[in-house]
Structure formats: C-alpha cells, structure tokens
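Engineer:
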Amino acid sequence: MTMNIARFLAISSLALSGAAFAAGDHADEAKPRHGGVVTVVKDVSYELVAAKDVLAIHVSDHGKPVDLSGATAKLTLLSGTAKQEVEMKANGPALEARGSFETGPGTKAVAQVALKGKPVQSVRFTLK
1 MTMNIARFLA ISSLALSGAA FAAGDHADEA KPRHGGVVTV VKDVSYELVA
51 AKDVLAIHVS DHGKPVDLSG ATAKLTLLSG TAKQEVEMKA NGPALEARGS
101 FETGPGTKAV AQVALKGKPV QSVRFTLK
C-alpha cells in the first residue's frame, strides 16, 4: 500500500511539473516588443502601439511575426466619453492607421482583427 502511494506521488509530481513547464513556454508572448500593450488571444499575441498620429497593431504567433497580407482591423478607441472608430490596413509588419487619435493612459481599445483565411478575432487593450 505504501509503495502505491509513493508511485502515485511520484507520477503526480512529474505530471504537474510538466504542465508548469509547458505554461512557461508562453511567458514571452505577453511582453511588449514594440513599446505597446500586449494581449494574447488563442496563442496569438497582439501588440497595440498608440501615438497621437499613428496606431499600429503587431501580430505574432509564438514570437514569430504573422503574415499580414490582406489583413485588416477595425479599432474602437474609448477615452472618457469620446469614442473613435479607426480602419487599419496592413503596412509592412503591422496593421496601421494614421491620423489624429485620442490616446492616453486608461484609454480602452477594442480591435476586430481579420487575418487572411481566419475568423475575425476580437482583441481588447487598455493603454498605460
């Protein structure tokens, strides 16, 4: 009986340590690489970089840039009582929009990102 408990504990600890190790593989995905705010949805990282005159969303899958050819996004910015909707298009390594934008700490953003051949994904951000 004692031997069965020892085996059970050994197997349980191995299983739990493996799960913790696998979860650690995704830790880098939540780190900003372009100075923005990162949200991970279904193992895909979306980083929103916001300035007064340009907005960019960088998309990566496990640290590798995603092909954005044909990709689009609709971004809704909510800052206080102001609401602004922005259409974004692929521009090199990011989805971009240029213009005048209300961005600052606490601004909330919701993006509807359409990547070629994939369903539209809703991504939420809160600017710092």
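Counting in this note's numbering, the sequence shown runs from 1 upward without gaps. In this text, a Cβ means the ideal position worked out from N, Cα and C, and glycines have one as well. On a predicted model such as this, the values are computed, not experimentally measured, just so you know.
#1: Under DSSP, the beta strand (DSSP E) around ASP61 begins and ends at which residues?
#2: According to DSSP, is ALA71 part of a helix, a strand, or is it coil?
#3: Using 8 Å for Cβ pairs, my map puts ALA111 next to LEU78. What's the rounded Cβ distance?
#4: On a Cα-Cα basis, can you pick out the residue from ALA50, LYS64, VAL120, VAL40 that is closest to GLY104?
#5: Does the distance from the CB of PHE125 to the CB of THR39 come in under 7 Å?
#6: Using a Cβ-Cβ cutoff of less than 6 Å, which residues in the same chain neighbour ALA19 once the five nearest sequence positions on both sides are dropped?
#7: Which residues share a DSSP beta bridge with ARG124?
#8: Report buried or exposed for GLY117, applying the criterion of at least 16 other Cβ atoms within 10 angstroms of its Cβ.
#9: Compute the beta-carbon to beta-carbon distance between LEU68 and ALA90, rounded to the nearest angstrom, for a pair I have assumed lies under 8 Å.
#10: Quick check on THR59: buried or exposed, where buried means 16 or more other Cβ atoms within 10 Å of its Cβ?
#11: Would PRO65 pass as a contact of PRO93 if the rule is Cβ separation under 7 Å?
#12: In whole angstroms, give me the CA-to-CA distance for GLN84 and VAL44.
#13: Which of the three DSSP states is assigned to ALA30 in this structure?
Structural biologist: Taking the structure as given:
#1: 54 to 61
#2: coil
#3: No, ALA111 and LEU78 are not in contact; Cβ-Cβ is about 12 Å, not under 8 Å.
#4: ALA50
#5: yes
#6: Reliability of the predicted coordinates at ALA19 is poor, the pLDDT of 40 falling under 50, and no value is obtained from them.
#7: VAL110
#8: exposed
#9: 4 Å
#10: According to the sequence shown, residue 59 is Val rather than Thr. Classification for VAL59: buried.
#11: yes
#12: Answer to the nearest angstrom: the Cα atoms are 25 Å apart.
#13: helix
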